[in-house]
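Structure first, commentary second.
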Amino acid sequence: MCDCTDHKDEIPAYDAQAIESRWMKAWEDSSLFAVDTDASKPKKYVLEMFPYPSGDLHMGHARNYTIGDAMARQARMRGFDVLHPIGFDAFGLPAENAAIKHNTQAAAWTYKNMEQALATMKRMGFSYDMDRLVKTCSPDYYRWGQWIFEKLWERGLVYRKKNPVNWCPKCETVLANEQVTEGRCWRCDSEVEKRDLEQWYIKITAYAQELLDDLEKLPGWPERVKQMQANWIGRSEGAEVDFTLCDKNGEPIPGDEGKITVFTTRADTLFGNTFFLLAPEYKGLMELVEGTEYEETVREVVEGAKHISAVERAQGTLEKHGAFTGRYVVNPVSGAKVPVWVADYIISDYGTGAVMAVPCGDQRDFEFAKKYNLPVVPIILSDDDPLFDQLKDEQGTVVTSVDWEEALTCEGTLVQSGKYTGMIGGKHSEGEAAIVADLEASGTGRRSVQYRLRDWLISRQRYWGNPIPAIHCERCGIVPVPEDQLPVMLPENLDLGAGETLAECRDFYETTCPVCGAPARRETDTMDTFTCSSWYYLRYTDPHNTELPFSKDAANHWMPVDNYIGGIEHAILHLLYSRFFTKALRDIGLLDVDEPFTNLLCQGMVKDENGDTMSKSKGNVVPPSSVIEPFGADTMRLAILFIAPPEKDFDWDPNAVEGANRFIKRAWRIVWQLCETAGDSSTLDKAGLDAPALDLYRERHRTLAKCTDDFDRGQFNTAISAMMELVNAASAYINAVEPESRDAALTALVAEDIVSVLAPICPFACEELWHAALGRDGSVYTAPWPEFDVAEAAADEVEIAVQVLGKMRARVMVPAGADSAAMQAAAESAVAKWIDGKTVVKAICVPGKLVNLVVK
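Set out below in structure tokens:
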């Protein structure tokens, strides 16, 4: 019911600053957006990826958070119990570097930036439950990150190992594989090096198959993101094959000492293996060539590979470099002695770091063979290949050199393959099955599944991060910090300007062993900040819990997140790690869900006038204040959501801001004009509506149906278009009908509708209209979403075109849903003079649109 029955003749001016200031305070004072946790309502968990507090928010942040806020506000109006929290991903190297630059402490810098960001969020009208604010650099949060680390350690999912790792010389820390993009640091874009270091790992590979399989449980995720994760996990079915290394005299080394295992998906090509490759990082490689004539050239390849990213090496598009080691291995199927080379396109992160090269069927091996004049033995040919007739019966090697320009990738018949010649070759083929069966029978091979995914390296060597809760004792080894001593507190007084890190902070690392009491050293590596962001969405469900990271009841009530909004750049990093954490914490017994995020919306980038993505490093950001100060936050929100669909990139357009502001002012004016003649909306009687009112009535139902559907699909730009159509229809009605003749119930209802459907997008203006124009108590966000009926949008009559022999002759009204006979009768009546004296031989009827009469 609308109470807007007595208003001044003058329409109040739209004063964005005054309105927004008033409602910011009112919402805060009333804790309007605090979570109810009302079991009688369906729950809706809406979440945007939380920001890193490197400074004030920019327009990219504004877009992300406005999308989520519109979803959350509308969900409240739809009757959901809504959880819509915010926090800060507050650890990390940028804060440390900024603190050094500004001669301050990382904590002081970070907390200052968080306060600024919170003020900007408040100014933008985001409906967060601030009682659930999470800051990952706060001890009451990172304590539980340490607790989770120890629980994973107890389950064998945490370990320490010496390995070749990715080292960023600028950041002075190691990086996980996922944090290296085309050979460069994901954060600073510096070229990454390889170093041999002992580091902490989380065993994400224990969940590789489940992470892959459960992508099928995510229909609400973009296919692109799921494919990226599937490719990164990289499941391959094949076989492990044991080759035997020969000593320097060419004699096979017996037992495990001489065994080198490779993984291959094409065991059927073993007879085409003409050389054997080791990765430059292969353990023991230099021992093979030590003191030999091959040592220098092998070392050159090893050193050169350190300056090429693993990604580039694996892609095989660069020129390949290799060196002969002087050693041989014995092929377990053919018995041939195969020369062992080192090659820079082989990486240690996939398979075993050793590869049986088959140049006839692999382009990278083919190019390497051609460069170093190594044999290319064709062993699988199609029946129409010129070599096929010559080799179809050959079991021994006849052809070792071909004039091909590239490797063959066909599946066909095996040739020059011993007793397997004549069998069909290919993945999962007859020949592959036969060879693997024989390998298994002889104990030199076995079926195997391999993954591209590698365990997550979480050690970081600087300062501003969550301390790893481990203690190194000469007597007891490495032991966890007792749970009752958590958190291991991060000191906040290091001399960062002098380059001091935790490893140099005696007050931090000197401790005693909790097992034997002897002097010991605290672990000085900190955890990768992605460990903090991999479970923060769970802490939001129970942020003040002092006994556990969160209660199982709270997590099971709110999880999974219903709508998650963030950039696609996190597809492999944050999103994969979060899926792993959810599954691991489920297995620890902390929650029951398998996946953290039901629906994922990857918003597009905001670009400048040159088409470049806005970033602080480029200095091309548009701050929200540049729009808010002259126009108001509602204008910024409307412009952001209207310019493009949320998943698309868009160029920032100042003209769109001005257009958004004009529409808000127009909607403001129309609502006030409707309220001038408004009555009780609950008394609306469709039967009593005249033609103009009936048009508005139908348009109301049509646009509300479209707007609601667009909201459900996250298509805010088209939802706003529907709102504009409703405002236009209301304007047309006002202009066409004198005030005393307007239907009071209808104008009241449409005024309510305009305010309600705009409220998720333009919250300040709509809250003001709800109270000042409509005269309502309470908040528009505690009122229900408008009801509508799609069937009511249908007109009683529709206008159709009438053609005679394809030429337009008239337009006529017919009942909606009229059949062909009724349409033809109305059409013939409308064009009687055009068909007088002629015979209608055919009537082509398109229901609701036109009739074409064919006459002679």
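In this text, residue positions in the sequence shown follow the numbering used here: the first is 9, and each later residue adds one.
All C-beta atoms in this analysis are idealised placements derived from N, C-alpha and C, irrespective of residue type, glycine included.
Just so you know, these numbers come straight off a predicted model, no measurement behind them.
In the displayed model, ASN571 falls within a strand according to three-state DSSP. In the DSSP assignment, GLU518 is bridged to ARG529. Here the C-alpha atom of ASP250 lies approximately 22 Å from the C-alpha atom of PRO386.
Ranked by Cα distance from CYS418, the options GLY369, VAL270 and ALA838 are led by GLY369. Under DSSP, TRP175 takes part in a beta bridge, and its partners are VAL182 and GLU201.
Boundaries cannot be given for SER690, as no beta strand (DSSP E) includes it and DSSP labels it neither H nor E.
The C-beta distance from GLY334 to TYR290 rounds to 15 Å, too long to meet the 8 Å contact threshold.
DSSP places LYS234 inside the alpha helix (DSSP H), whose first and last residues are 231-241. Contact check for ASN474 against CYS540 passes: the beta carbons are separated by less than 8 Å. PRO20 is not a Cβ neighbour of ALA647, given a cutoff of 8 Å. Inside the segment 577-631, DSSP marks whole beta strand (DSSP E) runs of 3 or more residues at positions 605-610, from first to last along the chain.
Relative to the Cα of PRO604, the nearest Cα in the group TRP566, ILE576, CYS610 and MET613 belongs to TRP566. Annotation note: the segment 25-63 contains the following uninterrupted beta strand (DSSP E) runs of length 3 or greater, listed N- to C-terminal: 51-56.
Cα atoms of LEU219 and THR590: separation of roughly 11 Å, rounded to the nearest angstrom.
When the beta-carbon positions are compared, GLU180 and ARG470 come within less than 8 Å of each other. The secondary-structure analysis by DSSP pairs ASP659 across a beta bridge with LYS615. Inter-residue distance for PHE96 and GLN217 is about 31 Å (C-alpha atoms, whole angstroms). Contact annotation: ASN72 and GLN611 have beta-carbon atoms nearer than 8 Å. Judged by DSSP in its simplified three-state form, ARG307 adopts helix. The three-state secondary structure of ALA478, taken from DSSP, is strand. Counting along the chain, MET85 sits inside no beta strand (DSSP E); it lies in the alpha helix (DSSP H) bounded by residues 67-85.
DSSP places TYR167 within a strand segment (E or B) once states are collapsed to three.
With the rule of 3 Cβ pairs closer than 8 Å, the segment 112-124 does not count as touching the segment 424-441. Beyond the five residues adjoining it in sequence on each side, THR144 comes within less than 8 Å, by CB distance, of GLY95, PHE96, ASP97, ALA98, PHE99, TYR150, GLY153, ASN474, THR537, CYS540, SER541 and TYR544 in the same chain, given in chain order. Per DSSP, GLN811 is one residue of the beta strand (DSSP E) stretching across 805-812.
Rounded to the nearest angstrom, the gap between the Cα atoms of PHE396 and PRO262 is 38 Å. Separation of ASP64 and ILE762 (C-alpha to C-alpha, rounded to the nearest whole angstrom) is 33 Å.
Its chain contains CYS521, VAL523 and CYS524 as the residues whose beta carbon lies nearer than 6 Å to that of CYS484, once the 5 sequence neighbours on both sides are disregarded; these appear in chain order. With fewer than 16 other Cβ atoms from the protein chains shown falling within 10 Å of its own Cβ, TYR167 counts as exposed. Taken in chain order, the complete alpha helix (DSSP H) segments of 4 or more residues contained in the segment 718-791 are 724-744, 752-766 and 771-776.
Between ILE355 and ALA275, the C-beta spacing is not below 8 Å. Inter-residue distance for GLU308 and GLU295 is about 15 Å (C-alpha atoms, whole angstroms). For the pair of segments examined, the segment 768-775 was found not to touch the segment 694-702: the number of CB pairs separated by less than 8 Å stays below three. Residue range 345-351 is occupied by the beta strand (DSSP E) that includes TRP349. Counting along the chain, the unbroken beta strand (DSSP E) around SER456 starts and ends at 453-459.
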